[in-house]
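The sequence shown begins at 201 in the numbering used here and counts up by one. Idealized CB from N, CA, C, for every residue including glycine. Have a look at the structure below, then the notes.
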Amino acid sequence: MKKKSDGFTLLELLIVLALTGIIMSIVISMFMKGNKVFANSNTKTTLQMDAKDIQEKISDICMQANSIDYVKGNVENDEITELVLKLDQNGNEAYIKLNNNKLNINGFNIPSNVRSIKINKEIVDEAYKKNSDLYKFVSINFNIELQGKRPFGDDVIYPVKFTVTFRNR
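What follows is the structure, given as structure tokens:
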């Protein structure tokens, strides 16, 4: 009489392999989705931290200033590429420059990719008048857009809006 041997049949092995494959595909898809969400939120967090740094640096400079000296930009859409502020009556100045999406604030390069800087339309319009009087403005409304690249998608645009009043008037 033949004794039944211990072991697995081919059918049992195929069932186990199929179930393992299904479970692994579910786990991998959940892992990939979580990784994508983490990477996207990391991009947004980086943009938020850069926006905070930009806002603090611009606010510090503007609060030390007593007036606007010079504005260079586009009259049609109020975007600026350069803003020079008078700090005192001795001719000391502070500047904000945007060149090829790189922001430079008083010699300090901001590592974030700045898409645009917009300020009050009245200031830009006044800057391009023949006898412009930029001293009459006591505050500036900034609208800055930062741009970041998602690892698993398109670009993220992060807007920053704030108003700064000159304190050294």
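query: Length of the line joining the Cα atoms of residue 294 and residue 278; result: 20 angstroms
query: Cβ pair count under 8 angstroms reaching 3, the region 309–318 against the region 262–270; result: no
query: Straight-line Cα distance separating residue 268 from residue 291; result: 12 angstroms
query: Exposure label - residue 210; buried when at least 16 CB within 10 Å; result: exposed
query: Nearest neighbour of residue 248, chosen from 221, 360, 216 [CA to CA]; result: 360
query: Where the alpha helix (DSSP H) through residue 279 begins and ends; result: First-last for residue 279: undefined, no H or E at that position.
query: Residue environment, residue 251, which counts as buried when at least 16 other CB atoms sit within 10 Å; result: buried
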